[in-house]
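There are 2 protein chains.
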Amino acid sequence: MYEPLFDYLEQRFPLSDDDKAAIASVVSHRTLKKGEFLLREGDTARVGAFVAKGFLRSYVIDNKGKEHIIQFAPENWWVSDKSGMNPDTTASFFIDAIEESEVLLMDLTGHLTLMDKVPGYAKSFQAGIQKRATAKDTRIINSLTATAEERYDDFIKTYPSIAARVPQHMLASYLGITPETLSRIRKLQSRKR
Amino acid sequence: MYEPLFDYLEQRFPLSDDDKAAIASVVSHRTLKKGEFLLREGDTARVGAFVAKGFLRSYVIDNKGKEHIIQFAPENWWVSDKSGMNPDTTASFFIDAIEESEVLLMDLTGHLTLMDKVPGYAKSFQAGIQKRATAKDTRIINSLTATAEERYDDFIKTYPSIAARVPQHMLASYLGITPETLSRIRKLQSRKR
DNA sequence: TCGCGATCTTGATATAGATCAATGCCGGCG
DNA sequence: CGCCGGCATTGATCTATATCAAGATCGCGA
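From first to last, the protein sequence lines stand for chains W and R. Heads up: the first sequence runs through residues 1 to 193, numbered per this note's numbering. Heads up: the second sequence runs through residues 1 to 193, numbered per this note's numbering.
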């Protein structure tokens, strides 16, 4: 059950059997049906969820009722809880399953335990955070300056497997364009080549 | 000389005299004239710079030669180096001083030392990273969906002191709009109220 | 203090993309 | 197996913002 997570971590640093036991003891497993929400249950501050199987997405709904996808999360990705999202934000935050999925949940306590006990975990976590920060900067600049078509091409090139897997209207939502526009872009491109 | 940084950190966790000495020993001081660049010198992997006085900005120049401001950094902010920016990115990255400034530079070695030696530093660093990640998500969604005017209003509300301090064309660059458009927005609003 | 380059403003036009509306398509549910 | 509802496509407009082009104004440096 925990194998996908172990594999993922072992690509980043070596994992002893003790480490594995420690990890298994702090994550909890959960199955999600297609369309099901991953809600924050109780008061446990969740750090994130590791997608062992399937496909999730996180998104917000703005005050005009429109949905904006923040992140896609296929197997071997982390979806982070919006722990600390601006409290005065009018938008509401959701995570749900695009396909039937299995996730491993980690709360803050567990995370701190691993930071402390598992050698390599802290550095690896930190590296991941940093990498993501850079990706976000890139996305910001991209969204501010590239055209719809450029953003689409970029996405296709960077995440071909995700592009092939999500419905078009969700991709449009991620890219910040309407489904109609995305459809037209695709048509133009299919003609061109 | 290090006081601004000590003050900053002490608002986050207590700092002993030993801690202060450790910090002082790993950061280096530098003065920047208006318009001067903060370049990566030598091979030392820099983590970031703390702005003790003045005002910096980080920005990229895209392949069309246009400048896009990523971050403004007034006193008591960190500017992070793009440590790990996508290597295949065509854009070039810069940091320079908008006003005469003083910065405290920290490299990776120093950072790791503090992570290890100064209690509270690691947690505080982590908290900062997290907060910034959230801010970036917000900015992404904002840039994808809000109008130019909404983005402007938002910025004014969130960072009034920065808005008052930077030239308009830089604010326009940060917001991803042209100086002309920003000028028109301001005119409309001054009329309205 | 003067003058010139940088910055800001204002106007006219062009255009990418949104919106509104209709039609077609296909896949799962009864 | 057939029908219905979400999804994609296509077309016709509309609108926000970019772009191009002059002026106007400000402020710094000689």
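Positions of the beta carbon are idealized from the N, C-alpha and C atoms, including for glycine.
(message) List, in chain order, every chain W residue whose beta-carbon is nearer than 7 Å to that of Asp-62(R).
(response) Here the neighbours are Thr-145.
(message) Output needed in chain order: residues of the region 127-141 of chain R with a Cβ under 9 Å from some Cβ in chain W.
(response) Within the region 127-141 of chain R, the qualifying residues are Ala-127, Ile-129, Gln-130, Lys-131, Arg-132, Ala-133, Thr-134, Ala-135, Lys-136, Asp-137, Thr-138, Arg-139, Ile-140 and Ile-141.
(message) Based on DSSP bridge pairs, tell me the residues matched to Ser-28(R).
(response) In DSSP, Ser-28(R) forms a bridge with Leu-105(R).
(message) Between Lys-53(R) and Glu-3(R), how many whole angstroms is the CB-CB distance? I'm expecting something under 8 Å.
(response) Taking C-beta atoms under 8 Å as the contact rule, Lys-53(R) and Glu-3(R) fail to qualify, at a distance of about 11 Å.
(request) Note down the Cα distance separating Thr-89(W) from Gln-71(R), rounded to an integer number of angstroms. (result) Any answer about Thr-89(W) is weak, because its pLDDT of 49 lies below 50 and its placement is not dependable; what the coordinates show is given next. So the alpha carbons of these two residues sit roughly 21 Å apart.
(message) Under DSSP, the beta strand (DSSP E) around Tyr-159(R) begins and ends at which residues?
(response) Counting along the chain, Tyr-159(R) falls outside any beta strand (DSSP E), and DSSP gives it neither H nor E.
(request) For His-68(R), decide whether its Cβ has a neighbour in chain W, counting only Cβ atoms nearer than 8 Å. (result) Put simply, the CB of His-68(R) is near chain W, with a gap under 8 Å to one of its CB atoms.
(request) List the residues of chain R that Gly-35(W) touches, going by C-beta distances under 7 Å, in chain order. (result) What Gly-35(W) touches in chain R: nothing, since even the nearest Cβ is about 22 Å away.
(request) Determine the direct distance from the alpha carbon of Lys-123(W) to that of Leu-195(W), and round the result to whole angstroms. (result) It is not possible to answer for residue 195(W), since the shown part of chain W is limited to 1 through 193.
(request) For Gly-176(R), go through chain W and note every residue whose CB falls closer than 7 Å to its CB, in chain order. (result) Under the 7 Å cutoff, chain W gives Leu-144 and Thr-145.
(request) Return the CA-CA distance between Gln-168(R) and Pro-160(W), expressed in angstroms with no decimal places. (result) So the alpha carbons of these two residues sit roughly 39 Å apart.
(request) Within its chain, find whatever has a CB closer than 6 Å to the CB of Leu-9(R); leave out the 5 residues flanking it on each side and keep chain order. (result) Annotation for Leu-9(R): Leu-15 place their beta carbon closer than 6 Å to its own, counting only its chain and skipping 5 residues before and after.
(request) Give a yes or no on whether the C-beta atoms belonging to Ala-34(W) and Glu-99(W) are separated by under 8 Å. (result) What sits at residue 34(W) in the sequence shown is Lys, not Ala. Yes. Within cutoff.
(request) Determine, using beta carbons only, whether Ala-146(W) and Ile-177(W) come nearer to each other than 8 Å. (result) No; because the gap between Cβ atoms is not below 8 Å, this pair is not in contact.
(request) Specify the secondary structure class of Gln-168(W) as computed by DSSP and reduced to three states. (result) DSSP places Gln-168(W) in helix when its eight states are reduced to three.
(message) Can you tell me whether Glu-100(R) is helix, strand or coil according to DSSP?
(response) Glu-100(R): strand per DSSP, three-state reduction.
(request) Tell me whether Ile-61(W) sits in a helix, a strand or coil according to DSSP, three-state version. (result) In this structure, Ile-61(W) counts as strand in the three-state DSSP scheme.
(message) Between which residues of its own chain and Tyr-174(R) is the CB-CB distance below 6 Å, once the five residues before and five after are set aside?
(response) Cβ-Cβ distances below 6 Å link Tyr-174(R) to Ile-69 in the same chain, with the five nearest sequence neighbours on each side left out; the list follows chain order.
(request) Return helix, strand or coil for Ser-183(R), following the three-state DSSP convention. (result) DSSP places Ser-183(R) in helix when its eight states are reduced to three.
(request) Could you tell me whether the Cβ atoms of Phe-93(R) and Val-60(R) are closer together than 8 Å? (result) Going by C-beta atoms, Phe-93(R) is nearer than 8 Å to Val-60(R).
(request) Report the three-state DSSP secondary structure of Arg-46(R) (helix, strand or coil). (result) In this structure, Arg-46(R) counts as strand in the three-state DSSP scheme.
(request) Would you mind working out which of Thr-31(R), Asn-76(R) and Leu-108(R) sits nearest Arg-12(R), comparing C-alpha positions? (result) The residue with the shortest Cα to Cα distance from Arg-12(R) is Asn-76(R).
(request) For Ser-80(W), count neighbouring Cβ atoms within 10 angstroms of its own Cβ and tell me buried if that reaches 16, exposed if not. (result) Classification for Ser-80(W): buried.
(request) Would you please verify whether the beta carbon of Leu-38(R) is less than 8 Å from any beta carbon of chain W? (result) Under the Cβ criterion of 8 Å, Leu-38(R) is not counted among the residues facing chain W.
(message) Please report the distance separating the alpha-carbon of Arg-30(W) from that of Ala-73(W).
(response) Distance between the alpha carbons of Arg-30(W) and Ala-73(W): 15 Å.
(request) Can you give me the Cβ contacts of Gly-48(W) inside the same chain, cut-off strictly under 7 Å, excluding the 5 residues immediately before and after it? (result) Cβ within range, chain order: Trp-78, Val-79, Ser-80, Asp-81 and Met-106.
(message) My parser needs the alpha helix (DSSP H) runs of 4 or more residues fully inside the region 126-160 of chain W; what are they?
(response) For the region 126-160 of chain W, whole alpha helix (DSSP H) runs of length 4 or above, ordered along the chain, are 148-158.
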